[in-house]
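In my numbering, the protein residues as written are 54 to 354. The structure appears right after this line, and notes come after that.
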Amino acid sequence: MAATPTHFSVSHDPSSSTSLLNLQTQAIFGPKHNLKETQLRIPASFRRKTVNLQVMASGKTPGLTQEANGVAIDRENNSDVFDDMKKRFLAFKKLKYMDNFDHYKNLADAQAPKFLVIACADSRVCPSAVLGFQPGDAFTVRNIANLVPPFESGPTETKAALEFSVNTLNVENILVIGHSRCGGIQALMKMEDEVDSRSFIQNWVVVGKKAKESTKAVASNLHFDNQCQHCEKASINHSLERLLGYPWIEEKVRQGSLSLHGGYYNFIDCTFEKWTVDYAASRGKKKEGSGIAVKDRSVWS
């Protein structure tokens with residue numbers, strides 16, 4: 054007598070996710086097996102496959118995330134992608150904000166940072182993480198390749214940050230920070246002489262064209278990676294020189310109420326190089342068109 058085939062039905066209801074697991078368990082242990090006594094451990098890979106089956110059965114289009122009550126959910130791991138962020142925020146509130154409540158209360162009324170920091174938008178080089186800036190310490194603007202556009206060019210958010218921090222907040226220091234393996238500098242070094250007007254990246258990094266030209270003049274025989282490293286540092290000094298082209302910045306530097314600094318973070322060996330513009334010596338070089346003079350150079354390693 055032929056065996057009667059067994060028919061299984063899989064619910065499309067996501068809340069019945071255990072039904073498919075129970076079918077698998079019965080096939081292995083029998084229909085009367087007690088899961089609680091065995092403490093069966095279902096592999097994570099199998100659980101993910103089960104969730105995927107349910108998504109397919111529901112007719113929903115697979116994707117990286119979905120919205121559940123306004124919260125982004127990672128479908129593959131079925132977890133809130135903001136869980137870790139929430140934990141870090143609550144730890145900050147408990148361990149820093151509440152322990153320094155008076156400080157944060159004062160910051161709520163006004164800010165008086167001593168630094169304007171111009172850094173790259175690269176996710177690996179957050180200046181607060183690398184240099185330990187705390188809330189209220191530094192007014193920070195981050196852009197591709199930490200570039201300072203010339204005073205004569207049109208408005209940008211970097212120029213707005215310069216105007217506000219120098220003329221309203223009266224910062225005492227401007228620190229331009231470059232870094233190793235900068236994608237913006239690589240794009241600059243690879244760029245043809247003719248800028249592609251359709252490319253937002255090229256239309257921005259062309260600000261560093263002078264640094265590229267000076268690099269090609271002295272390092273054209275080097276490997277491309279070494280040329281980029283040279284340009285990463287050269288572009289910092291060109292940005293510092295460009296800052297002196299803002300009349301209200303040069304005036305404050307000349308008066309001694311504002312100092313300009315360069316910094317270079319090498320995250321390959323975790324070193325930081327710092328230097329300061331020597332304004333008096335730079336005035337002579339400016340007349341010669343040969344850049345700026347620097348002092349107080351040091352390497353932190």
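For each residue, glycine too, the CB sits at the ideal point set by N, CA and C.
**Study point:** Opening and closing residue of the alpha helix (DSSP H) in which I289 lies
**Key:** Here residue 289 refers to the residue found at position 236 when the sequence shown is read from its first residue. Residues F277 to L296.
Review point. What do you reckon, are the CB atoms on H232 and A264 nearer than 8 Å?
Key: For the purposes of this step, residue 232 is taken as the residue at position 179 of the sequence shown. For the purposes of this step, residue 264 is taken as the residue at position 211 of the sequence shown. Their beta carbons are not under 8 Å apart, which means H232 does not touch A264 by this criterion.
Exercise for review: Below 8 Å on the Cβ atoms is my guess for I9 versus A174; work out the distance and round it to an integer in Å.
Suggested key: Here the chain covers residues 54 to 354 and nothing more, so residue 9 does not appear.
Review point. Quick one: what's S312 bridged to in DSSP?
Key: On the sequence shown, residue 312 is found 259 positions in, with the first residue counted as 1. According to DSSP, S312 bridges with N226.
Exercise for review: Return helix, strand or coil for S267, following the three-state DSSP convention.
Suggested key: Within the sequence shown, the letter at position 214 stands for residue 267. Note: S267 maps to helix in three-state DSSP.
Check your understanding: For K327, which residues does DSSP report across the bridge?
Key -> Here residue 327 refers to the residue found at position 274 when the sequence shown is read from its first residue. Bridge partners of K327: G316 and S351.
Point to revise | Helix, strand or coil at G185 according to DSSP, with G and I counted as helix | key: The count along the sequence shown starts at 1 and reaches residue 185 at position 132. DSSP places G185 in coil when its eight states are reduced to three.
Exercise for review: With a threshold of 16 other CB atoms inside 10 Å of the CB of I321, please say whether the residue is buried or exposed.
Suggested key: Residue 321 sits at position 268 when you count from the first residue of the sequence shown. The residue is exposed, with fewer than 16 neighbouring Cβ atoms inside 10 Å.
Practice item. Evaluate C323 with the Cβ neighbour count: other Cβ atoms within 10 Å of its Cβ, from every protein chain shown; 16 or more gives buried, anything less gives exposed. Key: The sequence position of residue 323 within the sequence shown is 270, counting from 1. It counts as exposed.
Check your understanding: Just reading off the beta strand (DSSP E) that T209 is part of, what are its end residues?
Key -> Walking along the sequence shown from the start, residue 209 turns up at place 156. No beta strand (DSSP E) contains T209, which DSSP labels as neither H nor E.
Practice item. Counting only the same chain and skipping the five closest in sequence on each side, list residues whose C-beta sits under 8 Å from that of R295. Key: If you number the sequence shown from 1, residue 295 lands on position 242. V201, P202, P203 and F204, listed in sequence order.
Check your understanding: In its own chain, which residues sit with a C-beta less than 8 Å from the C-beta of I254, not counting the 5 before and 5 after it?
Key -> Locating residue 254 in the sequence shown gives position 201, counting from the first residue. Contacts found: I197, G237 and A240.
Review point. Going by the CB atoms, is the gap between V194 and E216 shorter than 8 Å?
Key: In the sequence shown, the residue the question calls residue 216 occupies position 163. In the sequence shown, the residue the question calls residue 194 occupies position 141. It is not a contact, given that the beta carbons lie outside the stated cut-off.
Check your understanding: With 16 as the cutoff for other CB atoms within 10 Å, does K348 come out buried or exposed?
Key -> Mapped onto the sequence shown, residue 348 falls at position 295. By the 10 Å Cβ count, K348 comes out exposed.
Practice item. Pick out whichever of F277, A182 and V224 has its Cα sitting closest to the Cα of V306. Key: What you label residue 306 is simply residue 253 of the sequence shown in a count that begins at 1. When only C-alpha atoms are compared, the closest one is V224.
Review point. Opposite D190 in the DSSP bridges: which residues?
Key: The residue given as residue 190 occupies position 137 in the sequence shown. BP columns for D190 are empty, so no partner.
Practice item. Name the two residues that bound the continuous beta strand (DSSP E) containing A163. Key: By 1-based counting over the sequence shown, the position of residue 163 is 110. Careful: A163 lies outside any beta strand (DSSP E) and carries neither H nor E.
**Study point:** Buried or exposed (CB count within 10 angstroms, at least 16 for buried), F135
**Key:** As a first step, residue 135 is located in the sequence shown; it is residue number 82 there, counting from the start. Result: exposed.
Exercise for review: Per DSSP, which residues does H232 bridge with? Please list them.
Suggested key: Indexing the sequence shown from 1 puts residue 232 at position 179. Y318, per the DSSP bridge assignment.
Exercise for review: Kindly indicate the opening and closing residues of the alpha helix (DSSP H) around A174.
Suggested key: As a first step, residue 174 is located in the sequence shown; it is residue number 121 there, counting from the start. Neither: A174 is in no alpha helix (DSSP H) and is coded neither H nor E.
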